[in-house]
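Undergrad: Before we start, here is the structure in question, set down as structure tokens.
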Amino acid sequence: MKRLPFIPGKTHIPPSGKVFDSREISNAIDAVREGWWTEGRFAKEFEKRFSDVLGVRYVSLVNSGSSANLVALSALTSKQLGTKRLQPGDEVITVAAGFPTTVNPIIQNGCIPVFVDVDIRTRNATVESVRKALSKKTKAIVMAHTLGNPFPVNGVADIVKEHNLWLIEDCCDGLGSTYSNKFVGTYGHIATFSFYPAHQITMGEGGAVITNHPLLHRAIRQFRDWGRDCWCDTGKDDTCKKRFGWKLGDLPFGYDHKYIYSQIGYNLKLTDMQAAIGLAQLDKLPGFIKKRKQNFQSLYAFFQKYTSYFELPAGEKESDPCWFGFMVVVKKEAPFSRHDIVNYLESKNIATRSLFAGNLLKHPAYTNIKHRVSGRLTNTDAITDAGFWIGVYPGITRPMMAYMKACLREFLEQQRVLHRQH
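In this note's numbering, the protein residues as written are 206 to 627.
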């Protein structure tokens, strides 16, 4: 699509956004013209191609990353998992600093979130903090790769294996990130992705749940598709070749399998138009990843001159992040506050964001939830009080990046002069 010329100070620079052209529009029109509209052939093609990209067996598209997290956690409560299934009162280790819908499904399914602190630079939990949070009630670990920066998933996976736990990777911010040369999302039992416009690729709205485990895949589909026992694709009948030959629950023999329900489920599918847009986006993913990394490195090189003021982002040695944003934490000894620099950037039409909810436990919605905190949330609070991030998404051009750095330089040099005068 034709871009409007960038006018420094007048053109808004968002922290994230969609990048698309005529291919997405053409695909969406094709899907509309076919007249199917609900999940159909475009969705099936996307699931196949997404599984090929990540090297996993099963992909289930849903209508958002938040729905993906809900379906993923709910799948672990399935009675089909026997004694390993999550039950009310079981503990699930997670972090307090992040997006609420990583944690909400834990609460919504009656489990107890156990919050651990994060490292001030990676903004992720450490292996040590996870290990210290373990108890006899621990049944699962659910954590996000914060702003696309992989948490130490090898070490966490070792804990999971050692203690026979479940691991859900929330990769909503991390499509394209790798750890030890493997894509994030391929270490856990289940992983989730978001295709909201802010993310690495978009369908407008949308998400995905991936797994390599057939039993988990079936539970994921059941919770996504109203809770029904039937596994026929939308619009298909009798895939099992015994549609009227089942005897389940207290229903009469031969009750239509399409309307037998094994889970208390939802309807969280997306449309074929969205999947069609996603297919065009998926073709562009390698270029999007490259541009995000370039923009991140450009900002990192700039901020290295100001490490006395900021805690800069850092990845694990084994990781290669596809960064969602460039986040810094203003140090206490800096001569300015987050409020000062954020307001300055916003006045220059450069958008900023906090680390989503920050410390969830400080929000009204979480005041009375059952939970446990392992240790102290010192860094979580520091990020809540002094952290912010700016964009690295592919729509940020070289002139935009130059303007962002010029504005930052102007503010920081002014602060440096003022600090010397005092």
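Heads up, the beta-carbon is just placed ideally off N, CA and C, and yes, glycines get one too. Fair warning: this is a prediction, and the values are worked out from it, not measured in the lab.
Going by the beta-carbon positions, is the gap between Q427 and G470 smaller than 7 Å?
TA: Within the sequence shown, residue 427 is the residue found at index 222, counting from 1. Within the sequence shown, residue 470 is the residue found at index 265, counting from 1. It is a contact, given that the beta carbons lie within the stated cut-off.
Undergrad: Use the C-beta contact count for L420: other C-beta atoms within 10 angstroms, 16 or more gives buried, fewer gives exposed.
TA: Taking the sequence shown and counting its residues from 1, one reaches residue 420 at position 215. With fewer than 16 Cβ atoms within 10 Å of its Cβ, L420 is classed as exposed.
Undergrad: Identify the continuous beta strand (DSSP E) that holds F251 and give its terminal residues.
TA: If you number the sequence shown from 1, residue 251 lands on position 46. It is not in any beta strand (DSSP E) - F251 instead sits in the alpha helix (DSSP H) that spans 246-259.
Undergrad: Ignore the nearest five residues each way along the sequence and tell me which others in Q468's own chain have a CB closer than 6 Å to its CB.
TA: Taking the first residue of the sequence shown as 1, we reach residue 468 at position 263. Once the five neighbours on either side are set aside, the close Cβ partners of Q468 are Q427, F428, G432.
Undergrad: Excluding the 5 residues flanking E516 on each side, which residues of the same chain have their C-beta closer than 7 Å to its C-beta?
TA: Locating residue 516 in the sequence shown gives position 311, counting from the first residue. Result list for E516: I325, R326, V533, V534, K536, in chain order.
Undergrad: Under the three-state reduction of DSSP, which class applies to E374: helix, strand or coil?
TA: Mapped onto the sequence shown, residue 374 falls at position 169. Strand at E374.
Undergrad: Taking the alpha helix (DSSP H) that L420 belongs to, which residues open and close that run?
TA: Position 215 of the sequence shown, counting from 1, holds the residue named residue 420. 419-429 is the span of the alpha helix (DSSP H), which, as asked, contains L420.
Undergrad: Using the C-alpha atoms, what's the distance from F541 back to G412?
TA: As a first step, residue 412 is located in the sequence shown; it is residue number 207 there, counting from the start. As a first step, residue 541 is located in the sequence shown; it is residue number 336 there, counting from the start. So the alpha carbons of these two residues sit roughly 39 Å apart.
Undergrad: Could you check if F247 is buried or exposed, using at least 16 other CB atoms within 10 Å of its CB as the buried criterion?
TA: The sequence position of residue 247 within the sequence shown is 42, counting from 1. So F247 ends up on the buried side.
Undergrad: Am I right that G596 and I218 are in contact with their C-beta atoms under 8 Å? What's the rounded C-beta distance?
TA: As a position in the sequence shown, residue 596 is number 391, starting the count at 1. As a position in the sequence shown, residue 218 is number 13, starting the count at 1. G596 to I218, Cβ: 7 Å. Contact.
Undergrad: Is the distance from the Cβ of I574 to the Cβ of I212 below 7 Å?
TA: Indexing the sequence shown from 1 puts residue 574 at position 369. Indexing the sequence shown from 1 puts residue 212 at position 7. Against a cut-off of 7 Å, the Cβ pair of I212 and I574 comes out as no contact.
Undergrad: According to DSSP, W594 sits in a beta bridge with which residue or residues?
TA: By 1-based counting over the sequence shown, the position of residue 594 is 389. According to DSSP, W594 bridges with M532, R558.
Undergrad: Less than 7 Å separating the beta-carbons of G222 and G600?
TA: Against the sequence shown, residue 222 aligns to sequence position 17. Against the sequence shown, residue 600 aligns to sequence position 395. Cβ atoms of G222 and G600: closer than 7 Å.
Undergrad: Using 10 angstroms around the beta-carbon of C316, count the other beta-carbons present and answer buried if the total reaches 16, otherwise exposed.
TA: In the sequence shown, counting from the first residue as 1, residue 316 sits at position 111. Its Cβ being crowded by 16 or more others within 10 Å, C316 is buried.
Undergrad: If you scan the region 219-248 from start to end, which runs of the alpha helix (DSSP H) of 4 or more residues do you find wholly inside it?
TA: Correct list: 227-239.
Undergrad: Which same chain residues, not among the five before or five after D586, have their C-beta less than 7 Å away from its C-beta?
TA: Counted from its first residue, the sequence shown places residue 586 at position 381. Within the same chain, D586 has close Cβ partners N564.
Undergrad: Examine chain C for any beta-carbon lying closer than 7 Å to the beta-carbon of G440, and answer yes or no.
TA: Among the chains of the structure shown, chain C does not appear; only one protein chain is present.
Undergrad: Closest to K387 by C-alpha separation, out of P355, M478, V300, would be which residue?
TA: Against the sequence shown, residue 387 aligns to sequence position 182. Per the Cα distances, P355.
Undergrad: Going by C-alpha to C-alpha distance, which of Y464, R228, G492, F304 sits closest to G450?
TA: Translated into the one-based positions of the sequence shown, residue 450 becomes position 245. The shortest C-alpha separation from G450 is found at Y464.
Undergrad: Leaving out the 5 sequence neighbours to the left and right, which residues in its chain are closer than 8 Å to T589 when beta-carbon positions are compared?
TA: On the sequence shown, position 384 is the one that residue 589 refers to. These residues qualify, in order along the chain: A302, S559, L560, G563, N564, K567.
Undergrad: Who are the Cβ neighbours of I298 in its own chain at under 7 Å, not counting the five residues just before and after it?
TA: As a first step, residue 298 must be located in the sequence shown, where it is residue number 93. Excluding positions up to five away in sequence, the list reads V319, V321, V335, A338, T343, I346.
Undergrad: For L209, is the classification buried or exposed, using 16 other Cβ atoms within 10 angstroms of its Cβ as the cut-off for buried?
TA: As a first step, residue 209 is located in the sequence shown; it is residue number 4 there, counting from the start. Counting Cβ neighbours within 10 Å, L209 comes out exposed, since fewer than 16 surround it.
Undergrad: In terms of residue numbering, what span does the beta strand (DSSP E) encompassing S265 cover?
TA: Residue numbering aside, residue 265 sits at position 60 when the sequence shown is read from its first letter. Where S265 is concerned, the enclosing beta strand (DSSP E) stretches over 263-267.
Undergrad: Tell me which residue opens and which closes the alpha helix (DSSP H) that K366 is part of.
TA: For this step, residue 366 is matched to residue 161 along the sequence shown. K366 -> alpha helix (DSSP H) spans 358-368.
Undergrad: Look at the alpha carbon of Q619 and the alpha carbon of R625, and state the distance between them as a whole number of angstroms.
TA: In the sequence shown, residue 619 corresponds to position 414, counting from 1. In the sequence shown, residue 625 corresponds to position 420, counting from 1. When rounded, the distance between both Cα atoms is 10 Å.
Undergrad: Check the C-beta distance from S265 over to V414 and give it rounded, since I have them as a contact under 8 Å.
TA: If you number the sequence shown from 1, residue 265 lands on position 60. If you number the sequence shown from 1, residue 414 lands on position 209. With 8 Å as the limit, S265 and V414 qualify as a contact, their Cβ atoms being about 5 Å apart.
Undergrad: Can A485 and R290 be called in contact, C-beta distance under 7 Å?
TA: One-based indexing of the sequence shown puts residue 485 at position 280. One-based indexing of the sequence shown puts residue 290 at position 85. For A485 and R290, no; Cβs fall outside 7 Å.
Undergrad: Please look up how many angstroms separate the CB atoms of D461 and R448, rounded, as I've assumed it's under 8 Å.
TA: Within the sequence shown, numbered from 1, the residue matching residue 461 stands at position 256. Within the sequence shown, numbered from 1, the residue matching residue 448 stands at position 243. Right, the Cβ-Cβ distance comes to about 7 Å (below 8 Å), so this counts as a contact.
Undergrad: Check the C-beta distance from G393 over to I373 and give it rounded, since I have them as a contact under 8 Å.
TA: In the sequence shown, counting from the first residue as 1, residue 393 sits at position 188. In the sequence shown, counting from the first residue as 1, residue 373 sits at position 168. About 6 Å separates the two Cβ atoms, so the contact holds.
Undergrad: Could you spell out where the alpha helix (DSSP H) holding E551 opens and where it closes?
TA: The count along the sequence shown starts at 1 and reaches residue 551 at position 346. Here the alpha helix (DSSP H) through E551 covers 543-552.
Undergrad: Taking only three categories from DSSP, how would you classify T602?
TA: As a first step, residue 602 must be located in the sequence shown, where it is residue number 397. Of the three classes helix, strand and coil, the one that applies to T602 here is coil, per DSSP.
Undergrad: Consult DSSP for A302 and reduce its assignment to one of helix, strand or coil.
TA: Against the sequence shown, residue 302 aligns to sequence position 97. Residue state, collapsed to three classes: strand.
Undergrad: Provide the residue span of the alpha helix (DSSP H) that contains S271, from first to last.
TA: For this step, residue 271 is matched to residue 66 along the sequence shown. 270-280 is the extent of the alpha helix (DSSP H) around S271.
Undergrad: Is P309 helix, strand or coil when you go by DSSP?
TA: Translated into the one-based positions of the sequence shown, residue 309 becomes position 104. Contrary to the premise, residue 309 reads as Asn rather than Pro in this sequence. N309 falls in the helix class under three-state DSSP.
Undergrad: Leaving out five residues on either side along the sequence, give the residues of the same chain with a beta carbon under 6 Å from the beta carbon of K284.
TA: The count along the sequence shown starts at 1 and reaches residue 284 at position 79. Hits under 6 Å: none found.
Undergrad: At the level of alpha carbons, what is the spacing between W242 and K249?
TA: Position 37 of the sequence shown, counting from 1, holds the residue named residue 242. Position 44 of the sequence shown, counting from 1, holds the residue named residue 249. Straight-line Cα distance between these residues: approximately 13 Å.
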